[in-house]
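What follows is a single structure, written as structure tokens, with notes after it.
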Amino acid sequence: MYRSPAEFHTSPDERATASAGSSQPAPGSKPDSVSIGPVRYFVGAVVQVQDLQLATRALEQLGLRVTHLPSTGAFLGRRNVTLITGIPEGMQTAVLDAIRETCHQRLEYVSTPLEGAPMPIPLSTPITVGGATVWTVEVERYEEF
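For the sequence shown, this note's numbering assigns the number 33 to the initial residue and increments by one for each residue that follows.
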């Protein structure tokens, strides 16, 4: 039997109450501190470790739970973090705005050898790092245990 994602996010009592048209939670159900609705999208964002605190705080202020996965960037071996969260329909813009406002690009310098020099002379080369890489995937099924 196929059940919609909304059915997996709510208990049978809550579904019965919702189908009856009442907005009150079912008796005996545990209330969430913030109810944001059924999860419809999975959002992942790779951000620099410097932006982790601000980005997490901004997403949590939207009522979302955020999971951190530490990782290392391939290009310069810089530390970064993958943030993962589930969001309901209609919150994509708010989540992207929160990430855009808190994750900034910055200019850093790396030492590169000067080619053709008789001795290895380091040359400071500016590179742009930071910002965020974000992807969104539609959720077919969501369960909490």
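Don't be surprised by glycine CBs; every beta carbon is placed ideally from N, CA and C.
#1: Give the single residue among 83, 166, 79 and 172 whose Cα lies nearest to the Cα of residue 125.
#2: If we call anything under 8 angstroms between Cβ atoms a contact, is residue 73 one with residue 170?
#3: Measuring straight from C-alpha to C-alpha, what distance separates residue 96 and residue 162?
#4: Using only alpha-carbon positions, find the residue among 176, 142, 117 and 71 that is nearest to residue 160.
#5: For residue 105, is the classification buried or exposed, using 16 other Cβ atoms within 10 angstroms of its Cβ as the cut-off for buried?
#6: Consult DSSP for residue 131 and reduce its assignment to one of helix, strand or coil.
#7: Ends of the alpha helix (DSSP H) at residue 89?
#8: Bridge partners for residue 74 per DSSP, in chain order?
#9: Assign residue 145 to buried or exposed, taking buried as 16 or more other Cβ atoms, counted over all protein chains shown, within 10 Å of its Cβ.
#10: Write down the C-beta distance between residue 139 and residue 158 rounded to the nearest angstrom, noting that I regard them as a contact closer than 8 angstroms.
#11: For a test of the three-state rule: what should DSSP assign to residue 81, helix, strand or coil?
#12: Would you kindly work out how many angstroms separate the C-alpha atoms of residue 136 and residue 94, rounded to a whole number?
#13: Using the Cα positions of residue 259 and residue 68, report the straight-line distance between them to the nearest angstrom.
#14: By a C-beta neighbour count over all protein chains shown, 10 Å radius and 16 as the cutoff for buried, is residue 151 buried or exposed?
Well, looking at it:
#1: As a first step, residue 125 must be located in the sequence shown, where it is residue number 93. Ranking 83, 166, 79 and 172 by Cα distance to residue 125 puts 166 first.
#2: Within the sequence shown, residue 73 is the residue found at index 41, counting from 1. Within the sequence shown, residue 170 is the residue found at index 138, counting from 1. Yes, they are a contact pair.
#3: Mapped onto the sequence shown, residue 96 falls at position 64. Mapped onto the sequence shown, residue 162 falls at position 130. About 23 angstroms.
#4: Against the sequence shown, residue 160 aligns to sequence position 128. Minimum Cα distance to residue 160 is reached at 142.
#5: For the purposes of this step, residue 105 is taken as the residue at position 73 of the sequence shown. Under this definition residue 105 is an exposed residue.
#6: Looking up residue 131 in the sequence shown gives position 99. Reduced to three states, the DSSP call for residue 131 is helix.
#7: The residue labelled residue 89 in the question sits at position 57 within the sequence shown. Residue 89 -> alpha helix (DSSP H) spans 84–93.
#8: Taking the sequence shown and counting its residues from 1, one reaches residue 74 at position 42. Paired residues: 118 and 169.
#9: The residue labelled residue 145 in the question sits at position 113 within the sequence shown. Exposed, since its Cβ has fewer than 16 Cβ neighbours within 10 Å.
#10: Your numbering for residue 139 matches position 107 in the sequence shown. Your numbering for residue 158 matches position 126 in the sequence shown. Sure, about 5 angstroms apart at Cβ, within 8 angstroms.
#11: Numbered from its first residue, the sequence shown carries residue 81 at position 49. Helix, per DSSP.
#12: Taking the sequence shown and counting its residues from 1, the one referred to as residue 136 is at position 104. Taking the sequence shown and counting its residues from 1, the one referred to as residue 94 is at position 62. Cα to Cα, residue 136 sits roughly 20 angstroms from residue 94.
#13: An answer regarding residue 259 cannot be provided, because it is not within the stretch 33 to 177 covered by the chain.
#14: Counting from one through the sequence shown, the residue named residue 151 turns up at place 119. By the neighbour-count rule (16 or more Cβ atoms within 10 Å), residue 151 is not buried but exposed.
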